[in-house]
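S.K.:
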Amino acid sequence: MNTVSFLVWLLPLFSVPLVPLVGYVRESWTKWFAVLVSGLTALLGLYQIQVFGTALSESAATWVPFLNVLLEVKVDGLSVILSAFVSCLSFVIILYSAGYMKHDKAHVRFYSLILLFVGGMLGLVMAGNIVQLYFFWEIVGICSALLIAHEGERPEARQAGFKAFIVTRFGDASLLIAVILILITFHTGSLDGMFSSLSQVPSATTLLIGALILVGAMAKSAQVPFHVWLPDAMEGPTPVSALIHAATMVNAGVYLVARMFPVFQTSSVLLTAVLGVGLASMVLGALCASTSEDLKKILAYSTISQLGLMFVGLGLGSWSSAIYHLISQGLFKALAFMAAGSVITVVGTRDIESMGGLRRKMRYTYVAFLFASLAMVGLPPLVGFWTKDQILGLASGNLVAFSLVALASVATAFYSFRALIKVFHGSGGVEARESPPVMTVPMMLLVVSVIGGVVIFINQSLIPTLSISELTFYPVLASMCALATGLGIAYVAFSSRVEATRAWFQSSGFLVQSRRVLLEAFGFDRFYIFLYRSLFRPLIRGLSEIQTGVLGSNIGLLLATLVLLIVLIATGVI
Amino acid sequence: MPSEFALLSSMILVATAAGGLFAKRMSVSLIFLFYSSVTLGIIFTLYGSVLVGLLHIITFAGAISVMLLTSMLMIGESNLDIGVRKLEGLVVGAVAALGAAASYIVFARLPSSGTQEALQPFSLLQFIWQFRPWDLLILIMIFASSMIAVANLFSREP
Amino acid sequence: MITDQQIFLATATVMVLLGISSMVYSRNLVKTVMSFQVVVFGANLALFSSGLTTSSNLISDSLVLFSIVVGASVEAVGLAIVVTVHRKYGTLNPMEIRRLRH
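Residue numbers (numbering that gives the first Met the number 0), protein chains in the order written: chain A, 0 to 573; chain B, 0 to 157; chain C, 0 to 101.
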């Protein structure tokens, strides 16, 4: 009996109702309870990897007998490695949040939602059939929206949570249609059953299902054009941003496409669409991060960009490269968010223009952010280098993809060093002191994992391994050039040592114009608001005229429907 | 072969209900509805279930009619004039006729299924012999009072 | 070949439609309640006639009893509302009582 695979996601879920009980005893104990539960889950995740070799058998329990849907767990390399990753990273971030959320008042709500989220994410990763996956997909979405709006007194937080929920709703609707189509076509929700009979289904159906799944994944993973919720989601507390919007939930879309990859492989149109979406998001994210003034928004756009890179990997036909980059991006992005949170708590603002010179005052945080940035730009032997260059190598056959990825790499290096220089270098008079150990210890843990993370990719037999010998020369050369270029531009533009070019950068006409466009993120938000005002509002006004407030007219509508029904029955249509 | 009683009682039911809804004065409307409920009670009684029939008459022809009368008294005379314009009356009639036509179409299309013992008018009234005299008395009182009401309705005050 | 049950079902349909369409055009709230009563008649007749083809009418009888009780209580509450509306707004014409709209 496959207890571990069920326990790894049932444990956090069942501990959610216990959090208010613990909080009733003493409110400050909830965070340690959450740390304990997430630690146990991490241990279970790691244990699952160890036991995996001895062929855990699949087991299932009946869940919805009417739809022939079972509560199944799919235990294969992908789910095991991702569940271990998610559980361990959640533990580190919850430990960090125990220090970060010290001044917060609503501990119970925060930690119960975080535990629910962890359980939901693990359930999503380990789900064995598509209905279960959709169920946990929704749980994860609602937890994300509620956690963004955690500080409910601030209207920006509430609006951001609402916006996140609504935008991802489009993806959820699309995914629901895909689930229904799958249930109709394959007569079973089980993933194994689906993949085994995939070849007998007409290709138009698989194309439609794949397209709907892609839209769902795009909304959840903040790809263009559904990316508008992620920058605003930074209104949530930083542990939420680190856990949900950098490392785990936004990866659910990538995981979905990777899990459904046999469906995507049936059609090259789908793969090209995935590739296109990934390229667009990558470039857009990198460009918008280059001009943003808000530290967390820079990291948000950076996440969009890195997720785009994962979609590029998927679109080029290799899901394992995308999953590797998922793991490495999770590691360094969570690290970057934790460092950013540490800085923001101490300085009190998110605006990078008012920071500076924190390098000497917050050493541990500086080390953390430095390593996160270096991993992101792909400096060997940090973990980002291996995964990013593998995708770059895969793209070397496709000129458009390769050049766009290289361009985005330049921009990535540019904005990461820009953030690093503006926040930590230079001379600033900001009062600062280092964060308490409960926050710096998790950061250092992640620094270690970022440095040595490459062993995850080589020494395991769970998913197709990242072979180092495949990293051919030219992509690596291109990526190093991109890194150097970006670093050079950032240094020249922002470092206080080179005054003349810095002034030129500030005042150049073309740059000022493009900065305005980029600050608005190419106007996606404005476009959506315009769409709402021109399309939906007249429709809403027109439909509300039907309700006149007179009793007779409302009953008249009822009567009209009844008469219609009777006529249809009498003439035999129904 | 449908029993004539079923057809007759159904027509009386619909006619009194329509009369109640199209009437110009509230009190007339109330009396028509009273007769409609009595007819329905008779249908219930004679088709096998005396209990339901009696309870129906007690509730609707008794309690509800009194309630309607009381509320009409509370509201006052001046508000009680109601009526149906020609066009609206036509619409109501058309909808009702549509219902009848649709039912006829649906039922004529169904295969004749099931057997139902034709209720002879003679056997319909057999319950009278099986009643306790007390219940029979109540029934007679109800019918007597309704006959008095009819006589009252058709007499005018000088 | 139309049986008794079908005649009663047809009358029930006619009663229900009569009641609902009369509710649309009524200019007096008490008439609205009366037309609701006609609808209840139709529904009870339909329920009752469903038990005519079987020899034991227990289930249909009890359902009709339920329906009578529920219909009576709804009418009672409706009349209470009508009396209160008359007291508050002075008029009983539903076309003039549109406060919920604006």
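We put the CB at the ideal spot given by N, CA and C, even for glycine.
1. Determine the contact status of residue 29 of chain A and residue 117 of chain A, defining contact as a CB-CB distance below 7 Å.
2. Beta-carbon of residue 549 of chain A versus every beta-carbon of chain C: anything under 7 Å?
3. Closest to residue 69 of chain C by CA distance: which of C:32, C:28, C:39, C:15 is it?
4. Residues of chain B with CB closer than 9 Å to the CB of residue 81 of chain C, please, in chain order.
5. For my contact list, residue 367 of chain A and residue 482 of chain A are in at a C-beta cut-off of 8 Å; report their separation, rounded to the angstrom.
6. What's the call for residue 348 of chain A, buried or exposed, on a 16-neighbour Cβ count within 10 Å?
7. With 16 as the cutoff for other CB atoms within 10 Å, does residue 328 of chain A come out buried or exposed?
8. If you count every other CB in all the chains shown that lies within 10 Å of the CB of residue 151 of chain B, and 16 or more means buried, which is it?
9. Between the alpha carbons of residue 303 of chain A and residue 90 of chain A, how many angstroms are there, rounded?
10. Under a CB-based cut-off of 7 Å, is residue 146 of chain B close to chain C?
11. Using the Cα positions of residue 370 of chain A and residue 320 of chain A, report the straight-line distance between them to the nearest angstrom.
12. Run through chain A and tell me which residues come within less than 8 Å of residue 19 of chain C, C-beta to C-beta.
13. At what residue ranges does the segment 202 to 249 of chain A contain a whole run of the alpha helix (DSSP H), taking only runs of 4 or more?
14. Count the other CB atoms within 10 Å of the CB of residue 350 of chain A; is the residue buried (16 or more) or exposed (fewer)?
15. Under the DSSP definition of a beta bridge, which residues are partnered with residue 152 of chain A?
16. Is residue 57 of chain C close to chain B? Criterion is C-beta to C-beta, closer than 7 Å.
17. Using a Cβ cut-off of 9 Å, pull out every chain C residue sitting near residue 58 of chain B, in sequence order please.
18. Around the Cβ of residue 53 of chain C, are there at least 16 other Cβ atoms within 10 angstroms (buried) or fewer (exposed)?
19. Quick check: the Cα distance between residue 118 of chain B and residue 14 of chain B, rounded to an integer number of angstroms?
20. In chain B, what lies closer than 7 Å to residue 569 of chain A by C-beta?
21. With 7 Å as the limit, tell me which residues of the segment 1 to 14 of chain B have their beta carbon closer than that to any beta carbon of chain C; keep them in chain order.
22. What residue from A:94, A:121, A:453, A:278 has the CA that sits closest to residue 397 of chain A's CA?
23. How far does the alpha helix (DSSP H) with residue 520 of chain A in it extend, from its first residue to its last?
24. Chain B beta carbons: is any one of them nearer than 7 Å to that of residue 34 of chain C?
25. Output, in chain order, the set of chain A residues within a Cβ distance shorter than 9 Å of residue 24 of chain C.
26. Look at residue 599 of chain A and residue 33 of chain A and say whether their C-beta atoms are less than 7 Å apart.
27. Classify residue 143 of chain A as helix, strand or coil using the three-state DSSP reduction.
28. What are the complete alpha helix (DSSP H) segments, minimum 4 residues, inside the segment 356 to 382 of chain A?
29. Between the segment 221 to 240 of chain A and the segment 290 to 310 of chain A, are three or more C-beta pairs nearer than 8 Å?
30. Considering only C-alpha positions, which residue in the set A:132, A:290, A:448, A:138 is nearest to residue 421 of chain A?
31. Mind the definition here: the segment 29 to 43 of chain C touches the segment 26 to 46 of chain B only if three or more C-beta pairs lie below 8 Å; say whether that holds.
32. Could you give the distance in angstroms between the alpha-carbon of residue 208 of chain A and the alpha-carbon of residue 90 of chain C?
33. Which residue comes first and which comes last in the alpha helix (DSSP H) that contains residue 109 of chain A?
34. In terms of residue numbering, what span does the alpha helix (DSSP H) encompassing residue 441 of chain A cover?
35. Find the residues of chain A that neighbour residue 94 of chain C, judging by a C-beta separation of less than 7 Å, and give them in chain order.
36. How would you label residue 268 of chain A, buried or exposed, when you count the other beta carbons within 10 angstroms and need 16 or more for buried?
M.R.: From the atom records:
1. Taking the first residue of the first sequence as position 1, residue 29 of chain A is located at position 30. Taking the first residue of the first sequence as position 1, residue 117 of chain A is located at position 118. No, these two residues do not count as a Cβ contact at 7 Å.
2. Walking along the first sequence from the start, residue 549 of chain A turns up at place 550. By this cut-off, residue 549 of chain A is an interface position.
3. Taking the third sequence and counting its residues from 1, one reaches residue 69 of chain C at position 70. The residue with the shortest Cα to Cα distance from residue 69 of chain C is C:39.
4. The residue labelled residue 81 of chain C in the question sits at position 82 within the third sequence. Neighbours of residue 81 of chain C on chain B, chain order: 70, 74.
5. Mapped onto the first sequence, residue 367 of chain A falls at position 368. Mapped onto the first sequence, residue 482 of chain A falls at position 483. That belief does not hold up - the Cβ atoms of residue 367 of chain A and residue 482 of chain A are roughly 20 Å apart, past 8 Å.
6. As a first step, residue 348 of chain A is located in the first sequence; it is residue number 349 there, counting from the start. Exposed, by the Cβ-count rule.
7. Your numbering for residue 328 of chain A matches position 329 in the first sequence. With 16 or more other Cβ atoms within 10 Å, it is buried.
8. For this step, residue 151 of chain B is matched to residue 152 along the second sequence. Looking at its Cβ environment, which holds fewer than 16 other Cβ atoms inside 10 Å, residue 151 of chain B is exposed.
9. By 1-based counting over the first sequence, the position of residue 303 of chain A is 304. By 1-based counting over the first sequence, the position of residue 90 of chain A is 91. The alpha-carbon atoms of residue 303 of chain A and residue 90 of chain A are separated by roughly 24 Å.
10. Locating residue 146 of chain B in the second sequence gives position 147, counting from the first residue. No, no contact with chain C.
11. As a first step, residue 370 of chain A must be located in the first sequence, where it is residue number 371. As a first step, residue 320 of chain A must be located in the first sequence, where it is residue number 321. One C-alpha to the other measures close to 22 Å.
12. Here residue 19 of chain C corresponds to residue number 20 of the third sequence, with the count starting at 1. By Cβ distance, chain A contributes 554, 557, 558, 561.
13. 202 to 219, 228 to 231, 237 to 241
14. Against the first sequence, residue 350 of chain A aligns to sequence position 351. With fewer than 16 other Cβ atoms within 10 Å, it is exposed.
15. Along the first sequence, one-based indexing puts residue 152 of chain A at 153. In the DSSP output, where bridge partners are listed per residue, residue 152 of chain A has none listed.
16. Taking the third sequence and counting its residues from 1, one reaches residue 57 of chain C at position 58. Closer than 7 Å: no.
17. Start at 1 with the first residue of the second sequence, and residue 58 of chain B comes out as number 59. Neighbours of residue 58 of chain B on chain C, chain order: 67, 68, 70, 71.
18. For the purposes of this step, residue 53 of chain C is taken as residue 54 along the third sequence, with counting starting at 1. By the 10 Å Cβ count, residue 53 of chain C comes out exposed.
19. What you label residue 118 of chain B is simply residue 119 of the second sequence in a count that begins at 1. What you label residue 14 of chain B is simply residue 15 of the second sequence in a count that begins at 1. Residue confidence is low: residue 118 of chain B scores 48 on pLDDT, short of 50, so the model does not pin down where it sits. No coordinate-derived value is stated.
20. Taking the first residue of the first sequence as 1, we reach residue 569 of chain A at position 570. Ordered by position in chain B, the residues that pass the 7 Å Cβ test against residue 569 of chain A are 101, 104, 105.
21. 1, 2, 5, 6, 9, 12, 13
22. Taking the first residue of the first sequence as 1, we reach residue 397 of chain A at position 398. Closest option to residue 397 of chain A, Cα to Cα, is A:278.
23. To locate residue 520 of chain A, count along the first sequence from 1; it is residue 521. From DSSP, residue 520 of chain A is part of no alpha helix (DSSP H); its letter is neither H nor E.
24. Locating residue 34 of chain C in the third sequence gives position 35, counting from the first residue. Output row for residue 34 of chain C: interface = yes.
25. Along the third sequence, one-based indexing puts residue 24 of chain C at 25. Neighbours of residue 24 of chain C on chain A, chain order: 551, 555.
26. Because residue 599 of chain A is not part of the residues shown, which for chain A are 0 to 573, the question remains open.
27. For the purposes of this step, residue 143 of chain A is identified with residue 144 of the first sequence, where counting begins at 1. DSSP places residue 143 of chain A in helix when its eight states are reduced to three.
28. 362 to 376
29. yes
30. Stepping through the first sequence from its first residue, residue 421 of chain A is reached at position 422. Looking at the Cα atoms, A:290 is the closest of the given residues.
31. yes
32. Here residue 208 of chain A refers to the residue found at position 209 of the first sequence. Here residue 90 of chain C refers to the residue found at position 91 of the third sequence. Those two C-alpha atoms are separated by around 59 Å.
33. Along the first sequence, one-based indexing puts residue 109 of chain A at 110. From DSSP, the alpha helix (DSSP H) with residue 109 of chain A extends over 106 to 124.
34. Position 442 of the first sequence, counting from 1, holds the residue named residue 441 of chain A. 436 to 451 is the extent of the alpha helix (DSSP H) around residue 441 of chain A.
35. Here the question's residue 94 of chain C lines up with position 95 in the third sequence. What residue 94 of chain C touches in chain A: 549, 551.
36. For this step, residue 268 of chain A is matched to residue 269 along the first sequence. Classification for residue 268 of chain A: exposed.
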